[in-house]
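Residue numbers (the working numbering), protein chains in the order written: chain X, 1 to 176; chain Y, 1001 to 1176. Notes follow the structure.
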DNA sequence: TTGAGTTTTCAGTATTAAATGAAAACCGTG
DNA sequence: CACGGTTTTCATTTAATACTGAAAACTCAA
């Protein structure tokens, strides 16, 4: 009993550390702290959790918990689980790392790559008719960027749609 | 003369749009707006520019211009150029898209991947001795994340150190 | 249809990040 | 070594973002 208890304490400590630090990292990633914390919490939760449990665990308000849980659901990083005979919602995280990766990659592509591509296409178009040397140089630089970002976008799609095993196999060649 | 002038105007318009929007995109990427704007400005500048020119062009303060120019230099995305007989510094951007990509990849790795890896290693270590089912599950999840992030980190290195031509060639297989 | 349990919204507040501008430090030249 | 031009720093201000908490809306069972 004593050891089990001591181990449970140790686990709680490690998990709290993970959640707190993962949250801090989130900010570097351009994700808000609470969202990253909830994600970390649920990724390492043995059971699905309710909003209230999340609130209590992270000591945050209902509104904050709610907003970020919904945002995580929108990303697809967590799911709503309904337990029969229970009214309130439970949340559980996607735990498969390859799934997590593809979800994050898809979302980043949508939010970071696609708008960039749209802008580059627009600017390339707008500057295509300009015949001055500066105009041509501008157009060339924009096109180079556009080509590259478009290429990166396609790559991202391809990799994301691979089976994990295949991606690893391919990577093995590169790393070998 | 008239047409050249009209074209110059058109170019200025397109370039301003690019700079402004690239700045807005920067925020999505977790890069501050000014830094992204300066980068866009210099990437499309026909000549190296001084701090004062950047300030004037973007209508920002000296402190802001200075801080972000230095930050871009630290990243390696722009360089200081000294003109002989001139005292003040000029800045020019790296224009090669593959170079830009590898620089950004390296920086992101440093700021996003490595701290995550360190955290995961620490948490894996701290939880390795816990023999409860919850402890084992936690440890397994952390290890899965650690393995994956470590793998991603290695991949990033490999790709970044490739010659552009080789990367394209490899990609061609994937996209074909 | 009422009311307890639960989710959602949002105006107000707090926190964090970025920008300003002026002063200080720096640096080459006369 | 003093002076004008230039860069750097940093306390203060401003802007952007996140969080709170309470009210409103929703939902289901009695």
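Glycine is no exception: its CB is placed at the ideal position from the N, C-alpha and C atoms.
Asked                                                                                                                                        : Found
Integer-rounded CB distance, given that residue 1089 (chain Y) should sit under 8 Å from residue 1050 (chain Y)                              : 7 Å
Limits of the alpha helix (DSSP H) - the one that residue 1183 (chain Y) falls within                                                        : Nothing can be reported for residue 1183 (chain Y), as the shown portion of chain Y is limited to 1001 through 1176.
Cβ-based burial, residue 174 (chain X) [other Cβ within 10 Å; buried from 16]                                                                : exposed
Same chain, Cβ closer than 8 Å to residue 1058 (chain Y), five either side skipped, listed in chain order                                    : 1019, 1034, 1037, 1038, 1041 and 1065
For residue 1171 (chain Y) and residue 138 (chain X), the rounded distance between their alpha carbons                                       : 27 Å
Per-residue burial, residue 1126 (chain Y) [other beta carbons within 10 Å of its own, 16 or more giving buried]                             : buried
Contact residues within the segment 141–161 of chain X, judged by C-beta distance below 8 Å to chain Y                                       : 141, 142, 144, 145, 147, 148, 151, 152, 154, 155, 158 and 159
Neighbourhood of residue 150 (chain X) by C-beta, 8 Å cutoff - its chain only, sequence neighbours within 5 removed                          : 117
Contact with chain Y by residue 176 (chain X), beta-carbon distance below 8 Å                                                                : no
Residue from Y:1031, Y:1102 and Y:1053 whose Cα sits closest to the Cα of residue 1071 (chain Y)                                             : Y:1031
For residue 38 (chain X), the first and last residue of its enclosing alpha helix (DSSP H)                                                   : 33–43
Simplified DSSP state of residue 1162 (chain Y), which is helix, strand or coil                                                              : coil
CB of residue 1011 (chain Y) within 8 Å of CB of residue 135 (chain X), strictly                                                             : yes
Test item: CB-CB of residue 1048 (chain Y) and residue 1092 (chain Y) under 8 Å                                                              : yes
Secondary structure of residue 60 (chain X), DSSP reduced to three states                                                                    : coil
First through last residue of the alpha helix (DSSP H) which encompasses residue 79 (chain X)                                                : Looking at the DSSP string, residue 79 (chain X) is not in any alpha helix (DSSP H); the run it does join, the beta strand (DSSP E), is 78–82.
8 Å Cβ cutoff met for residue 1075 (chain Y) and residue 119 (chain X)                                                                       : no
Beta carbon proximity, residue 37 (chain X) to chain Y, threshold 8 Å                                                                        : no
Cross-chain neighbours of residue 21 (chain X) in chain Y, by beta carbon under 7 Å                                                          : 1119
Alpha carbon of residue 1241 (chain Y) to alpha carbon of residue 1160 (chain Y), nearest angstrom                                           : With chain Y running from 1001 to 1176 in the structure shown, residue 1241 (chain Y) is simply not present.
Residue range of the unbroken alpha helix (DSSP H) whose run includes residue 1047 (chain Y)                                                 : Element bounds for residue 1047 (chain Y): n/a, residue is neither H nor E.
Residue 54 (chain X) and residue 69 (chain X) closer than 8 Å at C-beta                                                                      : yes
Minimum Cβ-Cβ distance from residue 1104 (chain Y) to chain X less than 8 Å                                                                  : no
Minimum length 4: unbroken alpha helix (DSSP H) runs contained in the segment 1088–1160 of chain Y                                           : 1097–1108, 1114–1127 and 1133–1160
Buried versus exposed call for residue 85 (chain X) [16 or more other C-beta atoms within 10 Å across all chains shown]                      : exposed
Cross-chain neighbours of residue 131 (chain X) in chain Y, by beta carbon under 8 Å                                                         : 1007
Beta-carbon contacts of residue 1128 (chain Y) that lie in its chain and below 8 Å, excluding the five residues immediately before and after : 1139
Interface flag, residue 1058 (chain Y) vs chain X, CB-CB below 8 Å                                                                           : no
Same chain only: Cβ atoms within 7 Å of residue 1123 (chain Y), ignoring 5 sequence neighbours per side                                      : 1142
Buried or exposed (CB count within 10 angstroms, at least 16 for buried), residue 1026 (chain Y)                                             : buried
Residue 1097 (chain Y) beta carbon less than 8 Å from that of residue 145 (chain X)                                                          : yes
Secondary structure of residue 30 (chain X), DSSP reduced to three states                                                                    : coil
Residue 100 (chain X) versus residue 108 (chain X) - alpha carbon distance                                                                   : 12 Å
C-alpha distance - residue 1165 (chain Y) paired with residue 1062 (chain Y), whole-angstrom precision                                       : 40 Å
Pick from X:79, X:130, X:153 and X:78 that is closest to residue 208 (chain X), judged by C-alpha positions                                  : Examination of residue 208 (chain X) is not possible in this model, given that chain X is present from 1 through 176 alone.
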